[in-house]
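Protein chains in written order, with the working numbering: chain A, 1423 to 1859; chain B, 1423 to 1859.
C-beta atoms are modelled at their ideal positions from N, C-alpha and C, and glycine is treated no differently.
The structure appears below as structure tokens.
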């Protein structure tokens, strides 16, 4: 069983964090577009960023900051303009954002990290940003997580938020997170962003290692359409305000904390996959029997990223042939004779050969999973439009409870892994074809 | 300029080949489903096959044959059942097919190569196949290429065929080809198949090397949905019946022959991409300035395989941001500052930054390309249903003449490459979601 419980509060659930989200006038829509997370004290900071050759200014900025200094106090995020492919002017804009916020918060700009999301090729609208910084800082609150979560989204249908609590040495320790993203998706509204806060005290190198592993098991294991953005960023702060003993090396306590960090990242990643454009359900692919975790993950990602598998799930078609074909082309060697495929409780292939199964019942399983997902998503969207300040983490968790499960075994190895994605519907094409930049 | 001309006749255009296609009763639809290509004499044989871990019996069969013997006289292809994931029974069925045909043609079964396409997990319907073999051999004809091309297709909207002629030492040499495939696509109607005939005399190792390189520059450079099938096969015969001097090493004549072989493969590959399920146009991505050809191909394939780029083209949206993002995530290092992007004649990005361009005119370019493609495809489909025995190579070539061109430069390197694909439309989702196995 898991060694933690879900709590409310998002990124402000851990001690010593405040957050805010306001409308500064960056988005043409007039929706909230500027978010801030601040730690009361300098926090250990780690980051994982896009590996694309085409990167936004904020990604270059954070990479440079974190190379020279493994701590930070604030994360500023604007939505509306990605500030990617904007050259030297975009770089200077990023520096100015950090400088302005540092002045307003009375801290060195070196303590500030940046993230942007929005249209590629557009610089941040600096005039409204300059005017908005004071209002943003004034709005900081210990219950500001949902406001921040609402100000970082672009094409997302719902906000993504989670907070978990465990104990270390009999004292509570919390990790919270917010995220945005729904595939690479809309126009150029690229980008997956996630911000994680923690009140444990962790050594910088260890915190970065934990975050990198957690990212591999969460954000790097989801795919909506295979596209990776110019701005993808995962930033995690650990400020020690739980007053628990510092964790400096791997061991029971570090493992406990890393497991909870991974759970936070997995929740946010699944919420992003579930919110994929036009998606009607979340798909979880579980691969076992591979030679190692990396091989298993590779097979899982190939299956969940297959347009044919995704279309079949949308059509509620228990099409094991497409799953087998996707597993086979993942680039990981295995013996065809060892291939086993299950969809939910339905065994469809064993020893590399098809097994008779109840097609109608298997199709009904897919229909039911989509119906459950649709109901939960509607509740979230309604709740979101009714009450942007309320806490919706419970409903959120429910909507991710019943994914379509595809379980594949490829042999007798000890490597296992999971990947998450969504189905491919008419609406995906519609959203992505009919938007004109 | 190209050193060859287009001729009629498909795989029976080269000297010393006959072909046939009949309805044996393998497909539930009652359409032609059994094809045969025979060389008058033993021909040098080369092959390129799926790299999937899940392979059909025919793929294992051909690989084994070509390992021990670099020649063949006949290619038998059935459509309707893929004979993949069918275990030892499927393997025995394949052996029986070769044995039966060998008896009928009065040649050793070692001279027979096999291909299958159709539903994964289904064995070949052996009863109608056994009854059909005699009829198939009786139908062999020096003008039988189109009948064969029509009997290997499954979900294809049009047949794919080409023949080119050049001269070697003042004597004519011909290469013909037929293919099937429209993405991995329909149900489990996987598979891309291509059969190439040549009447030059070429040394076996050289012929295999030429074919492998041609495959990389054609069939391995197309993508419809990124899915690779269990049955993908490219088989090429060279029977020497042109009576030209044997080509035994690389040199001017070998280069000339390889260029024509590559052109045949590229034509067939583009025809497959154009026939992608639900596609409204062919997209050609040209990448230059990379460090080598492989790097350029990798970037080109990533761009043409991006669901976001494909959706944008379907929406006639000149969305350079998605092209830049896809180039950036291809896994090939380049300096963002060197990125240049053109769509048709429209320069959209230079030195890594967006350039103002006429959006309406660029969108009109995309609309026009799709309108041209649609007109040509309609002509082909009409022609195909009116006259299954006629030669349609001229119309086919026209329909591939005006692809949407995306030209990307990533630096000053000498590596360049091309990839082909199609747009992503509502119909892709419809075809793949609504079919129930």
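- Of all residues in the region 1535-1560 of chain B, only 1541, 1542 and 1543 place a beta-carbon less than 8 Å from a beta-carbon of chain A.
- From the beta-carbon of residue 1775 (chain A), the residues of chain B found nearer than 8 Å are 1507, 1508, 1509 and 1543.
- Taken in chain order, the unbroken stretches of beta strand (DSSP E) that lie wholly in the region 1619-1667 of chain B and span 3 residues or more are 1655-1660.
- The C-beta of residue 1845 (chain A) has 16 or more other C-beta atoms within 10 Å across all chains shown, which makes the residue buried.
- Residue 1471 (chain B) does not reach chain A, its nearest Cβ partner there being about 13 Å away, counting only Cβ pairs nearer than 9 Å.
- According to the DSSP assignment, residue 1513 (chain A) belongs to the alpha helix (DSSP H) that extends over 1509-1527.
- Cβ neighbours of residue 1463 (chain B) within its own chain (closer than 8 Å, five residues either side excluded): 1438, 1495, 1661, 1662 and 1663.
- Contact check for residue 1837 (chain B) against residue 1714 (chain B) passes: the beta carbons are separated by less than 8 Å.
- A straight line joining the alpha-carbon of residue 1614 (chain A) with that of residue 1685 (chain A) spans about 17 Å.
- In summary, residue 1473 (chain B) is exposed, with fewer than 16 beta-carbon neighbours lying within 10 Å of its beta-carbon over all protein chains present.
- By the criterion of a C-beta distance shorter than 7 Å, residue 1666 (chain A) is surrounded in its chain by 1590, 1591, 1593, 1595, 1622 and 1623, once the five residues flanking it on both sides are discounted.
- Within the region 1539-1567 of chain A, the complete alpha helix (DSSP H) runs of at least 4 residues fall at 1548-1560.
- Taking 8 Å as the CB threshold, residue 1483 (chain A) stays off the interface with chain B.
- Runs of the alpha helix (DSSP H) spanning 4 or more residues and lying entirely within the region 1728-1788 of chain A occur at 1729-1736 and 1742-1750, in chain order.
- Within its own chain, the residues whose Cβ lies closer than 6 Å to the Cβ of residue 1457 (chain B), once the five positions on either side in sequence are excluded, are 1443, 1499, 1570, 1573 and 1574, listed in chain order.
- Between the region 1737-1747 of chain A and the region 1426-1433 of chain B there are fewer than three C-beta pairs closer than 8 Å, too few to call the two in contact.
- The Cβ neighbour count for residue 1670 (chain B), taken over all protein chains shown within 10 Å, is under 16; the residue is labelled exposed.
- Under the 8 Å criterion on CB atoms, residue 1768 (chain A) is classed as non-interfacial with respect to chain B.
- Using a CB distance below 9 Å, the part of the region 1736-1756 of chain B facing chain A consists of 1736, 1737, 1738, 1739, 1740, 1741, 1742, 1743, 1744, 1746, 1747, 1748, 1749, 1750, 1751, 1752, 1753, 1754, 1755 and 1756, ordered along the chain.
- In the structure shown, residue 1703 (chain B) falls within a coil segment according to DSSP collapsed to helix, strand and coil.
- In this structure, the straight-line span from the alpha carbon of residue 1651 (chain B) to that of residue 1477 (chain A) is close to 34 Å.
- Contact with chain A is absent for residue 1640 (chain B), since none of that chain's Cβ atoms lies less than 8 Å from the residue's Cβ.
- Taken through DSSP and simplified to helix, strand or coil, residue 1686 (chain A) comes out as helix.
- Within the model, the alpha-carbon separation for residue 1455 (chain A) versus residue 1764 (chain B) is close to 32 Å.
- Look at residue 1477 (chain A): its C-beta is under 8 Å from a C-beta on chain B.
- In the DSSP annotation of this structure, residue 1593 (chain B) is not part of any alpha helix (DSSP H); the continuous beta strand (DSSP E) holding it starts and ends at 1593-1602.
- Around residue 1533 (chain B), the same chain offers 1494 and 1495 as residues with beta carbons nearer than 6 Å, after the five sequence neighbours per side are excluded.
- With respect to chain B, the C-beta atom of residue 1787 (chain A) has no partner C-beta closer than 8 Å.
- In the DSSP assignment, the residues bridged to residue 1826 (chain B) are B:1705.
- For residue 1758 (chain B), the chain A residues whose Cβ falls inside 8 Å of its Cβ are 1475, 1476, 1477 and 1507, in order along the chain.
- Secondary structure note for residue 1841 (chain A): its beta strand (DSSP E) is the uninterrupted segment 1837-1844.
- Looking only at A:1580, A:1540, A:1502 and A:1482, the smallest Cα-Cα distance to residue 1517 (chain A) is reached by A:1482.
- No Cβ-Cβ contact shorter than 8 Å links residue 1507 (chain B) with residue 1778 (chain A).
- Distance from residue 1833 (chain A) to residue 1748 (chain A) at the Cβ level is roughly 17 Å; contact not present, criterion being Cβ atoms closer than 8 Å.
- Three or more Cβ pairs closer than 8 Å define a contact, and the region 1723-1738 of chain B falls short of that threshold against the region 1673-1681 of chain B.
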